[in-house]
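Enquirer: Sharing a structure, written as structure tokens. Questions coming.
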Amino acid sequence: GRTVLLIGGDTRQEHADRLREAFELAELLWPGTSKSNPSVTVFEPLVARPEVVLVLMLIKLNRHGITEELPAVCERYGKPVVRLVGGYHPDQVALQILKQAGKRLRGA
């Protein structure tokens, strides 16, 4: 019933639906990034939304500036960020969430 923000590449509805179902999310926000090549400031209002509890970052599908600057933005708003290097299959995403943010999310 929570909201997760996924940053990287273009929205792929089929994969977004799978992630939403697998994690029982109220919403998965996935703004496309490849065509507009945005800066991290574009994502700050999304990270700041109170309903967003986690930020997923597709490393291979983001430009270097975003992968370097986004963690500081997430920290400013108290949101854990998980770097996804192996794609966005729900099993892989779950593994990375547990490895990188499991303790922090359990504490929340």
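So the sequence shown is numbered by my numbering: it starts at 94 and just counts up by one.
Beta carbons: idealized from backbone N, C-alpha and C, even for Gly.
#1: Are the beta-carbon atoms of L122 and R113 separated by less than 8 Å?
#2: Identify the residues that DSSP records as bridge partners of L99: which are they?
#3: Start and end of the alpha helix (DSSP H) containing V140?
#4: L177 bridges to which residues according to DSSP?
#5: Comparing C-alpha positions only, which one of Y170, I100 and L139 sits nearest to L151?
Expert: So, from the data block:
#1: For L122 and R113, no; Cβs fall outside 8 Å.
#2: DSSP lists L149 as partners of L99.
#3: Its alpha helix (DSSP H) spans residues E137 to A141.
#4: For L177, which the question treats as bridged, DSSP gives the partners L151.
#5: The candidate whose alpha carbon is nearest that of L151 is I100.
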